[in-house]
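Numbering (my numbering), first residue to last: 215 to 331.
This report refers to the structure that appears directly beneath it.
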Amino acid sequence: MTTYSRSDLATRVLKDLGLVYATESPSAADIDWAEETVASVVAQLAVEGIRVWNGSDQSVPLEYLVPLSKRIGLDIGPSFGLFSIAEAEQAKPIANATLRRMGAIQPTGSVAQAEYF
């Protein structure tokens, strides 16, 4: 299974927002800011009941890289003047819904066992 580090995810967010070119490395200050935001958003999503893989922001599975980058970008974008906080807040429920669907426990198709008293 391919996984990415917090730094990889933070760099991806900056590239997805167009703050860093695809072949460019972010500045130390930008990567620190993005990594801090990654940690904060993953913790916030957990509090909101959105299960993001195993809850760790240290090892991000491939399938979460882009959806999580989009969601975290909504928290980073206003800091760089890309869009307003109001616009970001309006878009967050859509990004959260995608992450909720991805983290939902899938049905097994087996019959549930129950005890009757």
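For every residue, glycine included, the Cβ atom is placed at its ideal position computed from N, Cα and C.
Quantities reported herein were computed from a predicted structural model and do not represent experimental measurements.
TODO: Would you kindly check if the distance between the Cβ of residue 299 and the Cβ of residue 247 is under 9 Å?
DONE: Cβ atoms of residue 247 and residue 299: not closer than 9 Å.
- [ ] Reducing DSSP to helix, strand and coil, say where residue 312 ends up.
- [x] Helix.
- [ ] Could you have a look at residue 330 and say whether DSSP puts it in helix, strand or coil?
- [x] In the structure shown, residue 330 sits in coil (DSSP, three-state: anything other than H, G, I, E or B).
Task: Minimum C-alpha distance to residue 284 - residue among 302, 261, 293, 235 - done: Just measuring C-alpha positions, the residue of 302, 261, 293, 235 sitting nearest residue 284 is 302.
Task: Three-state secondary structure assigned by DSSP to residue 278 - done: Helix at residue 278.
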